[in-house]
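Report on the structure given below.
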Amino acid sequence: MTYRLYYAPDSAAMGVRAILEEIGAPYDLIPTTIDMDKPRPPEQLALNPNGWVPVLLWDSSAMYECAAITIFLCDRHPEAKLAPGIDDPKRGLFLQTLVYFSSSVQNAFQLDYYPERFADTPAEEPSAQRRGLRRLRETWQVVNDQIGDDEWVLGDKFSAADMYLFMLTTWLKPSRGQPSIDEFPNVKRIADAAKTRPSVQRVFQR
Ligand SMILES: N[C@@H](CCC(=O)N[C@@H](CS)C(=O)NCC(=O)O)C(=O)O
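Shown next as structure tokens:
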């Protein structure tokens, strides 16, 4: 079985791709775009009416939402040891962190990158953007504090949460007024370590 992934560079689909690489599962990329001025393929919109990536396809099924896909792949390929099992004491932290990444950290990025989705009028968009910049600082600080002195997000074991964290750090752009990763040394330590994984290198160096 070969997975298929709606994919655009510099998007959340890169994280899913790195997980597929880490698992060693065969996959094909279906190129699409995140350019707001370009249309999405109708086949992609039929699977995800929001028009965003990633969308993962397998057998005759499909799903979207990066955190859900991450959990799904980790559970489907337990041999890759990318997630604590269902009865592992770290399971709760794993789920909590992935959902916080997607619902809070990614949402803060969205406020900055897509202010029109959060503001009623164009005049209010700069306010949404400014809130996004502050929200990025707040949410990354929560993640930084959660990690503390731990080696990885879950403590002493590497997991898909570290790969997800790495992907999110690649989106930080101080030139836009977003915080620098240097403000969050615990996050930076893990991102630097995750970056050396061959799977991450294969996807993010391309
Ligand atoms: N909640 C979704 C958000 C995905 C998302 O925002 N994807 C962005 C790229 S990182 C995208 O497709 N943007 C283009 C668009 O929204 O039309 C997830 O976590 O999968």
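Everything in the sequence shown is counted per this note's numbering, starting at 907 for the first residue and increasing by one. Quick reminder that beta carbons are idealized off the backbone N, C-alpha and C, glycines included. On a predicted model such as this, the values are computed, not experimentally measured, just so you know.
(message) Rounded to whole angstroms, what is the Cα-Cα separation between ALA974 and LEU926?
(response) Residue mapping note: residue 974 aligns to position 68 of the sequence shown, counting from 1. Residue mapping note: residue 926 aligns to position 20 of the sequence shown, counting from 1. Distance between the alpha carbons of ALA974 and LEU926 is about 14 angstroms.
(message) Tell me whether TYR909, by its Cβ, gets closer than 8 angstroms to a heavy atom of ligand 1.
(response) For this step, residue 909 is matched to residue 3 along the sequence shown. No.
(message) Ignoring anything shorter than 4 residues, give me the alpha helix (DSSP H) runs that lie fully in the segment 935-989, in order along the chain.
(response) Scanning the segment 935-989 from its first residue to its last, the whole alpha helix (DSSP H) runs of 4-plus residues come out as 948-953 and 972-982.
(message) Which residue marks the beginning of the alpha helix (DSSP H) containing TYR1006, and which one marks its end?
(response) By one-based count along the sequence shown, residue 1006 stands at place 100. That run of the alpha helix (DSSP H) goes 997-1006.
(request) Scan the segment 1072-1111 and note each continuous alpha helix (DSSP H) run of 4 residues or more that stays entirely inside, going in chain order. (result) Correct list: 1091-1101 and 1104-1110.
(request) Pick out whichever of THR939, ASP941 and ILE929 has its Cα sitting closest to the Cα of LEU988. (result) For the purposes of this step, residue 988 is taken as residue 82 along the sequence shown, with counting starting at 1. The shortest CA-to-CA distance from LEU988 to any of THR939, ASP941 and ILE929 is the one to ILE929.
(message) Less than 9 angstroms between the C-beta atoms of LEU1074 and PHE978, yes or no?
(response) Position 168 of the sequence shown holds residue 1074. Position 72 of the sequence shown holds residue 978. For LEU1074 and PHE978, no; Cβs fall outside 9 angstroms.
(message) On the criterion of 16 or more Cβ atoms from any shown chain inside 10 Å, does ILE1053 qualify as buried, or is it exposed?
(response) As a first step, residue 1053 is located in the sequence shown; it is residue number 147 there, counting from the start. Counting the other Cβ atoms within 10 Å of the Cβ of ILE1053 gives 16 or more, which makes it buried.
(request) Starting from TRP1058, follow its DSSP beta bridges and name the residues at the other end. (result) Within the sequence shown, the letter at position 152 stands for residue 1058. Partner(s): GLY1061.
(message) For THR939, tell me which candidate among ALA918, TYR933, PRO932 and VAL922 has the shortest Cα-Cα distance.
(response) As a first step, residue 939 must be located in the sequence shown, where it is residue number 33. In this structure, ALA918 is the residue among ALA918, TYR933, PRO932 and VAL922 with its C-alpha nearest to the C-alpha of THR939.
(message) Applying the 10 Å Cβ sphere with the 16-neighbour rule, what's the burial state of THR1045?
(response) As a working note, residue 1045 is residue 139 in the sequence shown. Buried: at least 16 other Cβ atoms inside 10 Å.
(request) Give me the Cα-Cα distance between LEU962 and PRO945, rounded to the nearest whole angstrom. (result) Counting from 1 along the sequence shown, the entry for residue 962 is found at position 56. Counting from 1 along the sequence shown, the entry for residue 945 is found at position 39. In a straight line, the C-alpha of LEU962 is about 19 angstroms away from that of PRO945.
(message) Residues around ligand 1, please: the condition is that the C-beta lies closer than 7 angstroms to some non-hydrogen atom of it.
(response) Taking each Cβ in turn, the ones that pass are ALA914, SER917, ALA918, ILE940, MET942, ASN956, GLY957, TRP958, VAL959, PRO960, TYR970, GLU971, CYS972, ALA973, SER1008, GLN1012, GLN1016 and TYR1020.
(request) Return the Cβ separation of VAL1049 and VAL1011 in integer angstroms, given the expectation that the two are a contact with Cβ distance under 8 angstroms. (result) Within the sequence shown, the letter at position 143 stands for residue 1049. Within the sequence shown, the letter at position 105 stands for residue 1011. Distance from VAL1049 to VAL1011 at the Cβ level is roughly 7 angstroms; contact confirmed, criterion being Cβ atoms closer than 8 angstroms.
(request) Write down the C-beta distance between PHE1064 and LYS1101 rounded to the nearest angstrom, noting that I regard them as a contact closer than 8 angstroms. (result) Within the sequence shown, the letter at position 158 stands for residue 1064. Within the sequence shown, the letter at position 195 stands for residue 1101. With a Cβ gap of about 12 angstroms, PHE1064 and LYS1101 do not count as contacting.
(request) Look at ALA1099 and CYS980 and say whether their C-beta atoms are less than 9 angstroms apart. (result) Translated into positions along the sequence shown, residue 1099 becomes position 193. Translated into positions along the sequence shown, residue 980 becomes position 74. ALA1099 places its beta carbon 9 angstroms or farther from that of CYS980.
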